[in-house]
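S.K.: Handing you a structure now.
Numbering (this note's numbering), first residue to last: 5 to 199.
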């Protein structure tokens with residue numbers, strides 16, 4: 005019985021990892037599906053080739069994963085709720101190269117799981133009073149964030165995601181480069197609020 009449970013747990017984690025890390029719905033033309041590298045520090049050019057996706061189902065693990073010591077992609081396995089403000093920080097790469105051979109900078113909060121055909125199977129909700137986006141080229145995908153979102157970086161994206169709250173941009177550039185697809189939504193205000 006114990007061996008069956010462990011085997012089932014391992015298979016579940018493999019599907020969750022493959023589902024979370026295997027799909028990138030942003031249109032950058034580079035396929036960004038396999039997390040292979042990360043730039044841990046904003047001023048560092050070193051790549052940590054051992055870094056992979058962070059699959060989390062606990063609040064403490066999520067907080068670590070979104071820190072500058074975390075990973076480029078953070079995949080949740082359930083709804084998560086916080087009473088404190090959160091910050092997505094650090095400069096990360098997704099392990100891919102662009103046409104010029106440069107590392108592709110990207111950060112992704114994946115609030116979903118998917119099956120082997122890349123069909124979204126579960127969507128999750130992340131709740132916090134405030135989430136600040138300090139990582140460049142970041143996105144929230146296929147789930148709901150409940151709270152106010154503060155965007156301090158250019159080219160932030162919502163991909164099939166909902167913000168149940170306000171979206172404040174801390175610079176004019178962050179607002180002008182913000183993108184959301186036609187199935188994403190924001191229930192509150194979208195405005196520049198410089199800090």
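Cβ coordinates follow ideal geometry from the N, Cα and C atoms, glycine included.
So residue 195 is in the beta strand (DSSP E); what residue range does that whole segment cover?
M.R.: Note, residue 195: beta strand (DSSP E), 194–196.
S.K.: Report buried or exposed for residue 58, applying the criterion of at least 16 other Cβ atoms within 10 angstroms of its Cβ.
M.R.: Per the 10 Å Cβ criterion, buried.
S.K.: Please determine, among 193, 167, 199 and 162, the residue with the shortest C-alpha to C-alpha distance to residue 181.
M.R.: When only C-alpha atoms are compared, the closest one is 162.
S.K.: For residue 107, name the three-state secondary structure that DSSP assigns.
M.R.: Correct three-state label for residue 107: strand.
S.K.: How many whole angstroms separate the CB atoms of residue 92 and residue 70, which I take to be in contact at a CB cut-off of 8 Å?
M.R.: Residue 92 to residue 70, Cβ: 5 Å. Contact.
S.K.: Mark residue 98 as exposed unless 16 or more other C-beta atoms lie within 10 angstroms of its C-beta, in which case mark it buried.
M.R.: Classification for residue 98: buried.
S.K.: Check whether the Cβ atoms of residue 89 and residue 133 lie closer than 7 Å to each other.
M.R.: Contact flag set, yes.
S.K.: Is it buried or exposed, residue 176, if we count other Cβ atoms within 10 angstroms and call 16 or more buried?
M.R.: The residue in question, residue 176, is exposed, as its Cβ has fewer than 16 Cβ neighbours within 10 Å.
S.K.: Can you name, in chain order, every residue of its own chain whose Cβ lies under 6 Å from the Cβ of residue 171, other than the five neighbours on each side?
M.R.: For residue 171, where only same-chain residues beyond five positions count, the Cβ hits under 6 Å are 153, 190 and 194.
S.K.: So what does DSSP say about residue 173, is it helix, strand or coil?
M.R.: Residue 173 falls in the strand class under three-state DSSP.
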